[in-house]
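A.B. asks:
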Amino acid sequence: MRVAFVGKGGSGKTTLSALFARHLARSGAPLVAIDGDINQHLAHALGLDEDANFAAPPLSSRTGEIKDLLRGTNPRIVSREAMVKTTPPGRGSRLLRLLGDDDLHARHVERVGDVPLMVTGAFDESDLGVACYHSKLGAVELYLNHLVDGPGEYVVVDMTAGADAFASGLFTRFDMTFLVVEPTRKSVSVYRQYREHAAEFGIPIAVVGNKVTGEDDLLFLKEHVGDDLLAYCVQSSYVRAQEQGREQGELEAHNLHALTRLKDAVDARTKDWATFQRHAVEFHLRNAAAWANDATGHDLAAQVDPEFRHGPEAPASAGATTPSAVSF
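Residue numbering for the sequence shown follows UniProt numbering, beginning at 1 and increasing consecutively.
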């Protein structure tokens, strides 16, 4: 199951992404965490020393090679240049299993503590004035488009802050989106933006209250969020100690219970591969018409394979193959 954490900047979504990923890892569940935030702080939130660098290369540094791997022998995709971030898989495409035996996972995953992590890459000086951060996230969208995750497997993505997370079709790639909301008017206003966008496409959301200090904060959240409030976390001395580099002790019982509530909510979801593929095709056609046809010089609507059905049976029934010469 794919899980996204979104929210206003400073709401604590990166911290909650890390806590949830570590909670899943301690349960023994197969998972991959992905840092999809422009600030790229998830590795440190997971426990990487502040003066250490994440060793595995970012996904955005090898987008071309990732395209070659994923397009496989799909005859509808004539080259890596004709493949864009929204290109959906079809017969002949290479579909991935979580932490499977493939070059993408082998090269780009590094364990931070007990959590396997991939990163999109930082927004660097060469990008200033010529690119937006969504160009970095294209590799993540391609990865999720071609991933077949099974029951009890998890992908946890720390997304960009604010409503900018809805600026591409990436928000439709998740089975559950957790909105991290502080008990403030600004944070609630971001929640309302998310709720409206998600409702338009039938995207399941749930609110996680954060930094709750007392009954007044909780009542504020209940008043403004209502039934969307799934769980809430109280101010955490454990988290503060981690952020200050001090001995951490144990996560507070209430916050641990909140993480369990989140996992239960994800596990209660039923995987809807048909809707997943329908959204993939819809956003691909939108992007093709808006910019991608002109950018590539191809009619990218032709990349849609009407006979392809995504899901656990797709690799066998769709004839997906492993490309023989992909160099990473």
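Where a beta carbon is used, it is the ideal one built from N, C-alpha and C, also for glycine.
A quick note: this is a predicted structure, and the numbers were derived from the prediction, not measured.
Three Cβ pairs or more, each shorter than 8 Å: is that satisfied between the region 143-159 and the region 18-37?
C.D. replies: At 8 Å Cβ cutoff, the stretches touch.
A.B. asks: Helix or strand or just coil, what does DSSP make of G209?
C.D. replies: Three-state DSSP puts G209 in a strand.
A.B. asks: On a CA-only basis, which of V148, V3, A4, G12 is nearest S236? Give me that one, please.
C.D. replies: For the residues V148, V3, A4, G12, the minimum Cα distance to S236 belongs to G12.
A.B. asks: I'd like to check one pair, L42 with T14: are the Cβ atoms closer than 9 Å?
C.D. replies: Their beta carbons are under 9 Å apart, which means T14 touches L42 by this criterion.
A.B. asks: Could you check if P89 is buried or exposed, using at least 16 other CB atoms within 10 Å of its CB as the buried criterion?
C.D. replies: P89 comes out buried.
A.B. asks: Give me whichever residues DSSP pairs with D35 in a beta bridge.
C.D. replies: V119, D158.
A.B. asks: Please state whether the Cβ-Cβ distance between V6 and V180 is less than 9 Å.
C.D. replies: Contact flag set, yes.
A.B. asks: With DSSP run on the structure shown, which of helix, strand or coil describes G214?
C.D. replies: Three-state result, G214: coil.
A.B. asks: Tell me whether the region 204-219 and the region 167-178 touch, counting them as touching only if at least three CB pairs, one residue from each stretch, are closer than 8 Å.
C.D. replies: These segments touch.
A.B. asks: Give the secondary structure of E50 by DSSP, where H, G and I count as helix, E and B as strand, and everything else as coil.
C.D. replies: Of the three classes helix, strand and coil, the one that applies to E50 here is coil, per DSSP.
A.B. asks: Between H23, E307, V281, which lies nearest to P116 when the distance is taken from Cα to Cα?
C.D. replies: Checking every option, the nearest Cα to that of P116 belongs to H23.
A.B. asks: Only counting the same chain, and skipping five residues up and downstream in sequence, which positions put a Cβ closer than 8 Å to that of residue 330?
C.D. replies: The chain is shown from 1 up to 328; residue 330 falls before or after that span and cannot be answered.
A.B. asks: To the nearest angstrom, report how far apart G150 and R107 are at their CA atoms.
C.D. replies: Rounded to whole angstroms, G150 to R107 spans 22 Å at the Cα level.
A.B. asks: With DSSP collapsed to three states, give me the class of L147.
C.D. replies: DSSP places L147 in strand when its eight states are reduced to three.
A.B. asks: Closer than 8 Å is the cut-off here; do at least three beta carbon pairs connect the region 260-268 with the region 287-302?
C.D. replies: These segments do not touch.
A.B. asks: Once you ignore the five residues that flank K222 on each side, which residues in its own chain have a CB closer than 8 Å to its CB?
C.D. replies: Excluding positions up to five away in sequence, the list reads L229.
A.B. asks: Name the DSSP beta bridge partners of G7, please?
C.D. replies: Bridge partners of G7: V180.
A.B. asks: Go to V239, then tell me how far its alpha helix (DSSP H) extends in each direction, as first and last residue.
C.D. replies: Note, V239: alpha helix (DSSP H), 237-243.
A.B. asks: Kindly identify the DSSP beta-bridge partner or partners of V234.
C.D. replies: In the DSSP output, where bridge partners are listed per residue, V234 has V212.
A.B. asks: Using a 10 Å radius around the Cβ and a threshold of 16 neighbouring Cβ atoms, would you call S189 buried or exposed?
C.D. replies: So S189 ends up on the exposed side.
A.B. asks: Between H44, T63, G311, which lies nearest to A55 when the distance is taken from Cα to Cα?
C.D. replies: The candidate whose alpha carbon is nearest that of A55 is H44.
A.B. asks: Run through DSSP, which three-state label would V84 get?
C.D. replies: In this structure, V84 counts as coil in the three-state DSSP scheme.
A.B. asks: Could you give the residue range of the beta strand (DSSP E) that holds R111?
C.D. replies: Here the beta strand (DSSP E) through R111 covers 110-112.
A.B. asks: Determine the DSSP secondary structure at R76, reduced to helix, strand or coil.
C.D. replies: Here R76 sits in coil by DSSP.
A.B. asks: Can you look up L19 in the DSSP assignment and give me helix, strand or coil?
C.D. replies: Reduced to three states, the DSSP call for L19 is helix.
A.B. asks: Might you give, ordered along the chain, the residues of its own chain that have their beta carbon closer than 7 Å to the beta carbon of G97, omitting 5 neighbours on each side?
C.D. replies: Sequence check: residue 97 is Arg here, not Gly. Taken in chain order, the residues that qualify are V148.
A.B. asks: Contact check, C233 vs A253 under 8 Å by CB: the rounded distance?
C.D. replies: C233 to A253, Cβ: 12 Å. No contact.
A.B. asks: Can you say whether N53 is buried or exposed, counting buried as having 16 or more other CB atoms within 10 angstroms of its CB?
C.D. replies: Exposed, since its Cβ has fewer than 16 Cβ neighbours within 10 Å.
A.B. asks: Taking 9 Å as the cut-off, decide whether the C-beta atoms of A280 and T63 are in contact.
C.D. replies: For A280 and T63, no; Cβs fall outside 9 Å.
A.B. asks: Below 6 Å CB to CB, which residues in the same chain sit around E182 once its five sequence neighbours on both sides are set aside?
C.D. replies: These residues qualify, in order along the chain: S11, N210, K211.
A.B. asks: Could you say which of A18, Y191, R71, L137 lies nearest to L251 if we only look at CA atoms?
C.D. replies: When only C-alpha atoms are compared, the closest one is A18.
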